[in-house]
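Reading through the structure tokens given below for one structure.
Residue numbers (our numbering): 353 to 748.
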């Protein structure tokens with residue numbers, strides 16, 4: 353117990369956790385609440401423009417994930433994280449001048465620069481022995497930030513758009529300042545292998561897991577489709593105020609946070625991944641489909657709880673599965689490449705969701721996303737997990 357406490361609650365991990373919380377709080381508030389509401393109601397932008405802006409955010413984030421992973425294997429963590437967060441701060445500052453759609457889109461893109469480093473750094477700190485459990489801890493911190501950001505922002509947006517903006521600006525500044533206290537050293541996973549050899553290793557591992565790649569893209573695409581339309585859907589179809597929408601997000605986020613660590617431990621104990629993925633993806637799809645039917649408030653909150661539990665079911669198992677294919681001596685680059693693959697879906701999702709909503713309404717986007725998650729869940733029922741034996745270890 354003392355070893356775990358020292359590893360996970362020492363000064364370094366506390367600092368990373370605080371920065372991660374601040375970054376994800378601002379990101380969740382920005383993408384899920386502030387940008388859709390500020391863009392539609394204050395700037396008068398259409399949902400497809402808002403979707404393009406959010407896609408610009410994910411596009412920059414995705415493009416930089418691989419490069420940041422490579423740089424983390426060669427430069428100090430402090431330099432990479434501090435520089436990235438400076439760009440994010442500049443993006444938040446730019447939103448106050450976003451009177452034109454193109455400025456709005458550029459600001460969202462610049463904001464995406466600084467998101468990748470802190471998350472990839474945290475991934476490289478996870479030990480192999482208790483990976484799913486520790487991933488559950490990281491996702492708990494991540495989700496508390498990501499979930500509380502929209503909740504707080506939605507409540508404040510019922511009264512004003514200025515105060516939420518300056519709150520997010522201040523928290524972005526605080527994260528940037530805190531990054532100065534990160535130890536100025538290179539990542540422990542640094543290797544002297546040339547970049548060409550590192551890519552050869554990762555290409556081989558991607559070849560082994562090629563059947564997982566469609567799922568990596570589709571799951572983030574399905575989630576990304578929802579980002580630009582959720583506030584509008586909650587208001588127009590569910591009849592929710594900003595405070596009630598916050599209750600919906602809080603219910604889903606709370607169930608996710610409460611479930612992540614226990615389900616991560618259960619995944620470690622059972623040593624299996626298949627049924628965690630099947631139940632997780634299937635549960636998300638069914639809950640989303642039912643929410644798309646515009647149920648009353650209490651049913652929507654119950655379905656949000658199901659969504660949170662389902663998400664917590666698959667996340668630790670999914671990341672533990674991916675971790676089997678990250679070379680130990682190229683962790684920054686490895687996680688950067690895998691995050692890039694997943695980011696492709698997150699990049700495409702918002703623009704697809706925003707465009708579908710502009711053409712046929714928000715409900716169609718909810719149902720389309722639900723179908724995607726159900727299809728992924730069925731896919732993993734018959735998925736040949738034996739094809740993923742790595743170094744003699746069979747993935748169950």
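We put the beta carbon where it would ideally sit given N, CA and C, even for glycine.
Measuring alpha carbon to alpha carbon, tell me which residue in the options is nearest residue i.
i, options, result
"residue 628", "594, 660 and 665", "665"
"residue 493", "645, 612 and 656", "612"
"residue 406", "643, 505, 598 and 443", "443"
"residue 714", "419, 661 and 641", "641"
"residue 578", "399, 390 and 702", "702"
"residue 645", "585, 630 and 438", "585"
"residue 634", "661, 621 and 647", "661"
"residue 620", "369, 366 and 669", "669"
"residue 721", "461, 569, 507 and 489", "569"
"residue 451", "368, 723 and 397", "397"
"residue 610", "490, 696 and 515", "490"
"residue 630", "729, 594 and 500", "729"
"residue 733", "626, 588 and 447", "626"
"residue 636", "651, 655 and 618", "655"
"residue 470", "532, 445 and 651", "532"
"residue 435", "528, 366 and 651", "528"
"residue 454", "427, 441 and 404", "404"
"residue 441", "367, 399 and 517", "517"
"residue 615", "643, 671 and 651", "671"
"residue 704", "399, 693 and 607", "399"
"residue 719", "367, 366, 643 and 592", "643"
"residue 608", "663, 367 and 592", "663"
To the nearest angstrom, how far is the alpha carbon of residue i from that of residue j?
i, j, result
"residue 667", "residue 572", "12 Å"
"residue 380", "residue 496", "10 Å"
"residue 699", "residue 657", "26 Å"
"residue 638", "residue 674", "25 Å"
"residue 423", "residue 510", "42 Å"
"residue 394", "residue 456", "12 Å"
"residue 523", "residue 376", "10 Å"
"residue 717", "residue 709", "6 Å"
"residue 632", "residue 458", "35 Å"
"residue 383", "residue 622", "36 Å"
"residue 565", "residue 409", "22 Å"
"residue 514", "residue 505", "11 Å"
"residue 740", "residue 474", "Only weak support exists for where residue 740 lies, its pLDDT of 48 falling under 50; the coordinates are left without a value."
"residue 501", "residue 508", "11 Å"
"residue 392", "residue 618", "43 Å"
"residue 512", "residue 711", "30 Å"
"residue 588", "residue 594", "12 Å"
"residue 446", "residue 463", "9 Å"
"residue 426", "residue 472", "14 Å"
"residue 659", "residue 723", "14 Å"
"residue 378", "residue 727", "32 Å"
Which of the three DSSP states, helix, strand or coil, is assigned to residue i?
i, result
"residue 662", "helix"
"residue 428", "strand"
"residue 615", "helix"
"residue 733", "helix"
"residue 398", "coil"
"residue 713", "coil"
"residue 579", "coil"
"residue 450", "coil"
"residue 511", "coil"
"residue 391", "helix"
"residue 409", "helix"
"residue 442", "helix"
"residue 520", "helix"
"residue 545", "Unreliable positioning characterises residue 545 in this predicted model, as indicated by a pLDDT of 49, which lies under 50. A coordinate reading is not provided."
"residue 668", "helix"
"residue 501", "helix"
"residue 467", "coil"
"residue 648", "coil"
"residue 589", "coil"
"residue 535", "coil"
State yes or no: is the C-beta of residue i within less than 8 Å of the C-beta of residue j?
i, j, result
"residue 371", "residue 530", "yes"
"residue 534", "residue 706", "no"
"residue 374", "residue 526", "yes"
"residue 411", "residue 468", "no"
"residue 583", "residue 389", "yes"
"residue 567", "residue 731", "yes"
"residue 438", "residue 461", "no"
"residue 574", "residue 449", "no"
"residue 697", "residue 576", "yes"
"residue 420", "residue 429", "no"
So residue i and residue j are supposed to be a Cβ contact under 8 Å. How far apart are they, rounded?
i, j, result
"residue 596", "residue 649", "6 Å"
"residue 600", "residue 653", "6 Å"
"residue 695", "residue 414", "3 Å"
"residue 503", "residue 598", "4 Å"
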